[in-house]
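J.: One structure, as structure tokens, below. Some questions next.
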Amino acid sequence: MKSEITISELARLMNVSVHQIRYFEEKGVLLPAYLDNNQYRMYSMDQVYQLSHILLLRKLGVPVQSIKECMTSYSTDQYGQLLNHSLKEINAEILRLQELQHFINRVLHEQKNFISHSNDYQIKWRETTYLARWIEMDSQITLNAKLLTEQAKSVPNLFESDLHFIEDNSRTITLYTETEAPGDFSLPSGNYLSTQRLIHEEDELEQVIEQFYSYAAAQSHVIQGPLILIERSYLSLFSQKQLHYELQALIEPTTHSERGNRS
DNA sequence: TTTCTCACA
DNA sequence: TGTGAGGA
3 MKSEITISEL ARLMNVSVHQ IRYFEEKGVL LPAYLDNNQY RMYSMDQVYQ LSHILLLRKL
63 GVPVQSIKEC MTSYSTDQYG QLLNHSLKEI NAEILRLQEL QHFINRVLHE QKNFISHSND
123 YQIKWRETTY LARWIEMDSQ ITLNAKLLTE QAKSVPNLFE SDLHFIEDNS RTITLYTETE
183 APGDFSLPSG NYLSTQRLIH EEDELEQVIE QFYSYAAAQS HVIQGPLILI ERSYLSLFSQ
243 KQLHYELQAL IEPTTHSERG NRS
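Residue numbers for the first sequence follow the working numbering, beginning at 3 and rising by one.
So, in structure tokens, the structure goes:
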């Protein structure tokens with residue numbers, strides 16, 4: 003009774019495919035103990051240990067080509083470095099997945115929020131928001147792909163962010179993205195009149211803006227500062243060919259004591 | 001069952 | 001870096 007095992011037994015034992023074991027052999031990292039009379043590969047305990055090391059290194063992302071060198075000539079120190087390097091990469095990957103998780107949560111939250119509040123008007127408290135300038139454009143011109151490439155600094159994950167369109171006094175629209183640290187512009191904290199809309203055609207926007215101002219006037223809200231148009235293109239996942247906009251404007255705080263008390 | 005080779009993602 | 005198919 004032989005103490006060595008065949009390739010399929012080894013494959014079953016180590017939970018890998020027979021193909022993969024042969025592939026490791028082709029690359030010179032795992033040779034059978036010997037070939038049986040029928041040319042079958044036979045493996046002993048040595049190969050079981052070797053294969054488990056190979057699989058560990060593969061898990062750490064070491065290319066098969068490098069594993070041979072790694073197993074024959076690495077010092078304890080070099081293995082330590084290798085593990086540290088893998089740890090860094092794994093931490094980066096965890097971070098990437100966490101960011102993705104946050105983004106998905108945000109999309110779901112915004113979508114829910116959009117459904118429950120679309121078309122109505124709300125007063126929303128907004129903390130100070132820092133914005134980074136992305137593109138400046140004439141208010142007559144609409145955004146197009148060429149403009150993006152010609153003018154824009156590249157912003158990673160651009161269309162996963164809330165794009166702020168703010169018109170200044172000189173008929174220039176500036177597009178901003180939100181940033182963590184104080185940037186080119188900031189929106190003060192305060193109460194903002196807000197409405198969310200689905201827009202099918204660009205020119206609907208004009209109407210919506212007019213309605214926004216008339217609503218504010220009718221409700222005696224005094225608007226301070228510019229109109230802020232927020233585009234959430236990632237919400238178009240749920241309704242393609244339609245853009246999700248939110249209009250916001252800071253409103254003057256009104257208290258009971260102030261009422262009728264103006265000079 | 002295993003081997004080898006070729007094609008494919 | 002593997003996987004799948006197919007003949008021997």
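The beta carbon of each residue, even a glycine, is placed where N, CA and C say it ideally should be. Model, not experiment: these values are computed from the prediction.
1) Tell me which same chain residues have a C-beta within less than 7 Å of the C-beta of V157, skipping the five on either side of it?
2) For N193, write down the residues that DSSP places opposite it in a beta bridge.
3) Are there 16 or more other CB atoms within 10 angstroms of the CB of I92, so buried, or fewer, so exposed?
4) As a quick exercise: from Q103, L110, I253 and T78, pick the residue whose alpha carbon is nearest that of S222.
5) Can you look up L59 in the DSSP assignment and give me helix, strand or coil?
6) Under 8 Å between the Cβ atoms of E248 and Q198?
7) F187 and L177: beta carbons closer than 8 Å?
8) Using the three-state DSSP reduction, which class does S265 fall into: helix, strand or coil?
9) Excluding the five sequence neighbours on either side, which residues of its own chain have a C-beta within less than 6 Å of the C-beta of E11, listed in chain order?
10) Excluding the 5 residues flanking D38 on each side, which residues of the same chain have their C-beta closer than 6 Å to its C-beta?
11) Does DSSP put I23 in a helix, in a strand, or in coil?
12) May I ask you to report which of helix, strand or coil DSSP gives E91?
13) What whole-angstrom Cβ distance do V18 and L57 have, given they're in contact under 8 Å?
14) Using the Cα positions of S46 and I9, report the straight-line distance between them to the nearest angstrom.
15) Excluding sequence positions up to five away, which residues of its chain have a Cβ less than 8 Å from the Cβ of Y76?
16) Do M16 and L53 have their beta-carbon atoms positioned less than 8 Å apart in this structure?
17) I'd like to know whether the C-beta atoms of Y123 and Y215 end up nearer to each other than 8 Å.
18) Is it buried or exposed for L239, if we count other Cβ within 10 angstroms and need 16 for buried?
19) Ignore the nearest five residues each way along the sequence and tell me which others in D140's own chain have a CB closer than 8 Å to its CB.
20) For T179, report the span of its alpha helix (DSSP H) as first-last.
21) Measuring straight from C-alpha to C-alpha, what distance separates Q142 and L207?
22) Roughly how many angstroms lie between the CA atoms of Q49 and L59, to the nearest whole one?
23) To the nearest angstrom, report how far apart L229 and K90 are at their CA atoms.
24) Opposite D140 in the DSSP bridges: which residues?
25) Do the CB positions of S191 and R128 come within less than 8 Å of each other?
26) Count the other CB atoms within 10 Å of the CB of F161; is the residue buried (16 or more) or exposed (fewer)?
T.: Judging by the given coordinates:
1) Position 155 of the first sequence, counted from the first residue, corresponds to residue 157. Listed in chain order, the non-local C-beta contacts of V157 below 7 Å within the same chain comprise W136 and T179, local neighbours out to five positions each way being set aside.
2) Taking the first residue of the first sequence as 1, we reach residue 193 at position 191. DSSP, once it has assigned bridges, lists W127 as partnering N193.
3) Along the first sequence, one-based indexing puts residue 92 at 90. Exposed.
4) Walking along the first sequence from the start, residue 222 turns up at place 220. Here the closest residue by C-alpha is I253.
5) On the first sequence, residue 59 is found 57 positions in, with the first residue counted as 1. DSSP places L59 in helix when its eight states are reduced to three.
6) Here residue 248 corresponds to residue number 246 of the first sequence, with the count starting at 1. Here residue 198 corresponds to residue number 196 of the first sequence, with the count starting at 1. Yes; because the gap between Cβ atoms is below 8 Å, this pair is in contact.
7) Locating residue 187 in the first sequence gives position 185, where the first residue counts as 1. Locating residue 177 in the first sequence gives position 175, where the first residue counts as 1. Against a cut-off of 8 Å, the Cβ pair of L177 and F187 comes out as no contact.
8) Within the first sequence, the letter at position 263 stands for residue 265. Because the pLDDT at S265 is just 37, under 50, the model does not fix this residue reliably, and the point stays unresolved.
9) Your numbering for residue 11 matches position 9 in the first sequence. Excluding positions up to five away in sequence, the list is empty.
10) Residue mapping note: residue 38 aligns to position 36 of the first sequence, counting from 1. Exclusion of the five residues before and after D38 leaves M44 as the residues of its chain whose Cβ lies within less than 6 Å of its Cβ.
11) On the first sequence, position 21 is the one that residue 23 refers to. DSSP, read as helix, strand or coil, puts I23 in helix.
12) Counting from 1 along the first sequence, the entry for residue 91 is found at position 89. Of the three classes helix, strand and coil, the one that applies to E91 here is helix, per DSSP.
13) On the first sequence, position 16 is the one that residue 18 refers to. On the first sequence, position 55 is the one that residue 57 refers to. V18 to L57, Cβ: 7 Å. Contact.
14) In the first sequence, residue 46 corresponds to position 44, counting from 1. In the first sequence, residue 9 corresponds to position 7, counting from 1. Looking at the two C-alpha atoms, the distance is approximately 11 Å.
15) Residue 76 sits at position 74 when you count from the first residue of the first sequence. Within its own chain, the residues whose Cβ lies closer than 8 Å to the Cβ of Y76, once the five positions on either side in sequence are excluded, are L84, listed in chain order.
16) Position 51 of the first sequence, counted from the start, is the residue given in the question as residue 53. Position 14 of the first sequence, counted from the start, is the residue given in the question as residue 16. In this structure, L53 sits near M16, with a CB-CB distance shorter than 8 Å.
17) Position 121 of the first sequence holds residue 123. Position 213 of the first sequence holds residue 215. Contact: no.
18) Walking along the first sequence from the start, residue 239 turns up at place 237. Exposed, because fewer than 16 other Cβ atoms sit within 10 Å of the Cβ of L239.
19) Start at 1 with the first residue of the first sequence, and residue 140 comes out as number 138. Only R173, T174 and I175 meet the Cβ criterion.
20) What you label residue 179 is simply residue 177 of the first sequence in a count that begins at 1. Where T179 is concerned, there is no enclosing alpha helix (DSSP H), although the beta strand (DSSP E) it sits in stretches over T174 to T181.
21) For the purposes of this step, residue 142 is taken as residue 140 along the first sequence, with counting starting at 1. For the purposes of this step, residue 207 is taken as residue 205 along the first sequence, with counting starting at 1. When rounded, the distance between both Cα atoms is 13 Å.
22) By one-based count along the first sequence, residue 49 stands at place 47. By one-based count along the first sequence, residue 59 stands at place 57. Cα to Cα, Q49 sits roughly 15 Å from L59.
23) Mapped onto the first sequence, residue 229 falls at position 227. Mapped onto the first sequence, residue 90 falls at position 88. Those two C-alpha atoms are separated by around 44 Å.
24) What you label residue 140 is simply residue 138 of the first sequence in a count that begins at 1. In DSSP, D140 forms a bridge with T174.
25) Taking the first sequence and counting its residues from 1, the one referred to as residue 191 is at position 189. Taking the first sequence and counting its residues from 1, the one referred to as residue 128 is at position 126. R128 is positioned such that its CB atom lies closer than 8 Å to that of S191.
26) Position 159 of the first sequence holds residue 161. F161 comes out exposed.
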